[in-house]
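**Student:** Dropping the structure in here first, questions after.
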Amino acid sequence: MRRSVLTGTGSALPDRSISNAELAERIDTSDDWIVERTGISNRHIAAEGETTSSLATLAARRALEAAGLAPKDIDLIVLATATPDQTFPATATQVQNNLGCNGGIAFDVAAVCSGFLYALGVADSMLRTGMANRALVIGSETFSRILDWEDRTTCVLFGDGAGAVVLEARDETGDAPRGILATRLHADGAHNQLLFVDGGPSTTGTVGKLRMKGREVFRHAVVNLAQVLQEVLEDAGLTIGDIDWLVPHQANARILDATAKKLNLPSEKVVMTVAQHANTSAASVPLALDVAVRDGRIREGDLVMLEAMGGGFTWGASLLRV
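Numbered by the numbering used here, the letters in the sequence shown go through residues 39 to 360 in order.
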């Protein structure tokens, strides 16, 4: 069976990092308050000249290096972001030009924190149907540009960064085939006002700022993430005990702990990077995945579950054998 096999990962973070203590000098908050409610200690913030496309390009180059490929080997780029460089054209086309692999397919996907899962699903479909052979799937964000830095309930939660993976279509056989095994995606627009940006080209003509009702988002996240994970396991004919690693969206340590508890999944199987990176939206899952691959936790043959939920609401999960 033709499957989308992960052959390389990469990530990129802005040079500048901001600790909770530094934030506390600007707004009415404290390190204890942030850590207790979110588990976040640090976040990276893009400097002038650092953009969604520049971070994405760096993450992509590192993923290509890990895969042993050159940019010319890529014929598909799907980039997930809620903070594009421009309203149009797609930021993916800028990354394509930066890499020098012009001429293939390149486009953006907008599903906020679930964006990477949506992008992965789209790329997987295109690879399995033969529309492309090798893909870069990227999540990249500069959320610091849409934060209200006077709102302590939201500005402490987010950071900037990028993560990327290389997928290659291969014919996989045997009892333990590598590649993406199952993916489920969902959306429910009824919850728009719980997590959104109060601007846009066709409404206000402005970029707007992020707004969130955190308690309600938390409640929906735990239920939706646990449900979609079970759906994917059923599709793959597996159980929670078969999973080697869960790489969830790094929104809030309390959400991650609650989801793992609801699933009876040991905490040591959950990859958590939220303390150092905060919530990097669409970059969150691939960034955490790259960290766990490079530090040796995730190895070839492991069953890895990726999952995320974001504004929209959108949510999804994907199971792959790396």
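Positions of the beta carbon are idealized from the N, C-alpha and C atoms, including for glycine. These figures come from a predicted structure and were not determined experimentally.
1) Can you find at least 3 beta carbon pairs, one from the region 248-266 and one from the region 188-200, that sit closer than 8 Å?
2) Here's the rule: buried if 16 or more other CB atoms are within 10 angstroms of the residue's CB, otherwise exposed. What is M39?
3) Any heavy atom of the ligand GTP closer than 7 Å to the Cβ of D236?
4) Compare the Cα-Cα distances from N290 to each of Q124, H229, I56 and V323 and report the closest residue.
5) Taking the runs of the alpha helix (DSSP H) that are 4 residues or longer, which of them lie wholly in the region 55-140?
6) If I'm right that A161 touches V116 with Cβ under 8 Å, what's the distance once you round it to whole angstroms?
7) Please report the straight-line C-alpha distance between V17 and G334, rounded to a whole angstrom.
8) Measure how close the beta-carbons of A128 and D146 come, nearest whole angstrom, since I'm counting them as under 8 Å.
9) Leaving out the 5 sequence neighbours to the left and right, which residues in its chain are closer than 8 Å to D295 when beta-carbon positions are compared?
10) Are R75 and I56 close, meaning C-beta to C-beta below 8 Å?
11) Using the Cα positions of A104 and T45, report the straight-line distance between them to the nearest angstrom.
12) Do you know how far the Cα of R183 is from the Cα of S49?
13) Taking the beta strand (DSSP E) that H224 falls in, what are its first and last residues?
14) Which runs of the alpha helix (DSSP H), 4 residues or longer, sit entirely within the region 242-329?
15) Can you give me the start and stop residues for the alpha helix (DSSP H) that L158 sits inside?
16) Would you call the region 61-72 in contact with the region 217-228, where contact means no fewer than 3 C-beta pairs closer than 8 Å?
17) Would the region 88-103 count as touching the region 296-303 if we require 3 or more Cβ pairs under 8 Å?
18) Please report the distance separating the alpha-carbon of T363 from that of S178.
19) Take P122 as the anchor and find which of P52, R257, A274 and T180 has the nearest alpha-carbon.
20) Checking 8 Å against the spacing of the C-beta atoms, do T152 and W283 come in under that value?
21) Indicate whether A320 and A173 have their beta-carbon atoms separated by less than 8 Å.
22) I176 and A200: beta carbons closer than 8 Å?
23) Leaving out the 5 sequence neighbours to the left and right, which residues in its chain are closer than 6 Å to D226 when beta-carbon positions are compared?
24) Could you give the first and the last residue of the continuous alpha helix (DSSP H) run that contains T191?
25) Going by the beta-carbon positions, is the gap between T47 and L357 smaller than 8 Å?
**Tutor:** With the structure as the only source:
1) Contact between the region 248-266 and the region 188-200 is present: 3 or more CB-CB pairs across the two stretches fall below 8 Å.
2) Residue 39 sits at position 1 when you count from the first residue of the sequence shown. By the neighbour-count criterion, in which a residue is buried when 16 or more other Cβ atoms sit within 10 angstroms of its Cβ, M39 is exposed.
3) This structure lacks the ligand GTP; in fact it carries no ligand of any kind.
4) Here residue 290 corresponds to residue number 252 of the sequence shown, with the count starting at 1. Ranking the options by Cα distance to N290, first place goes to V323.
5) Within the region 55-140, complete alpha helix (DSSP H) segments of at least 4 residues are found at 58-62, 69-76, 90-105 and 129-137, given in chain order.
6) Here residue 161 refers to the residue found at position 123 of the sequence shown. Here residue 116 refers to the residue found at position 78 of the sequence shown. With a Cβ gap of about 5 Å, A161 and V116 count as contacting.
7) This structure leaves residue 17 out entirely; the chain is present only between 39 and 360.
8) One-based indexing of the sequence shown puts residue 128 at position 90. One-based indexing of the sequence shown puts residue 146 at position 108. The pair is a contact, with the Cβ atoms about 4 Å apart (cut-off 8 Å).
9) Translated into the one-based positions of the sequence shown, residue 295 becomes position 257. Here the set comprises S305.
10) As a working mapping, residue 75 is identified with position 37 in the sequence shown. As a working mapping, residue 56 is identified with position 18 in the sequence shown. In this structure, I56 does not lie closer than 8 Å to R75 by Cβ.
11) As a working mapping, residue 104 is identified with position 66 in the sequence shown. As a working mapping, residue 45 is identified with position 7 in the sequence shown. C-alpha separation (whole angstroms): 7 Å.
12) Against the sequence shown, residue 49 aligns to sequence position 11. Against the sequence shown, residue 183 aligns to sequence position 145. The alpha-carbon atoms of S49 and R183 are separated by roughly 20 Å.
13) Translated into positions along the sequence shown, residue 224 becomes position 186. Run containing H224: G217 to A225, per the beta strand (DSSP E) assignment.
14) Runs of the alpha helix (DSSP H) inside the region 242-329: 252-274, 291-300 and 312-315.
15) As a position in the sequence shown, residue 158 is number 120, starting the count at 1. It spans G153 to R166 - the alpha helix (DSSP H) in which L158 sits, taken as one unbroken run.
16) Counting Cβ pairs under 8 Å, fewer than three are found: no touch.
17) At 8 Å Cβ cutoff, the stretches do not touch.
18) Within the shown structure, residues of the chain are numbered from 39 to 360, placing residue 363 beyond reach of any answer.
19) In the sequence shown, counting from the first residue as 1, residue 122 sits at position 84. That would be T180, whose Cα lies nearest to the Cα of P122.
20) Indexing the sequence shown from 1 puts residue 152 at position 114. Indexing the sequence shown from 1 puts residue 283 at position 245. In the sequence as presented, Thr is not what sits at residue 152; that position holds Ser. Against a cut-off of 8 Å, the Cβ pair of W283 and S152 comes out as no contact.
21) Along the sequence shown, one-based indexing puts residue 320 at 282. Along the sequence shown, one-based indexing puts residue 173 at 135. In this structure, A173 does not lie closer than 8 Å to A320 by Cβ.
22) Here the question's residue 176 lines up with position 138 in the sequence shown. Here the question's residue 200 lines up with position 162 in the sequence shown. Contact flag set, yes.
23) By 1-based counting over the sequence shown, the position of residue 226 is 188. Excluding sequence neighbours, D226 sits near F351.
24) Against the sequence shown, residue 191 aligns to sequence position 153. Unbroken alpha helix (DSSP H) run through T191: R190 to C193.
25) Taking the sequence shown and counting its residues from 1, one reaches residue 47 at position 9. Taking the sequence shown and counting its residues from 1, one reaches residue 357 at position 319. L357 is positioned such that its CB atom lies no closer than 8 Å to that of T47.
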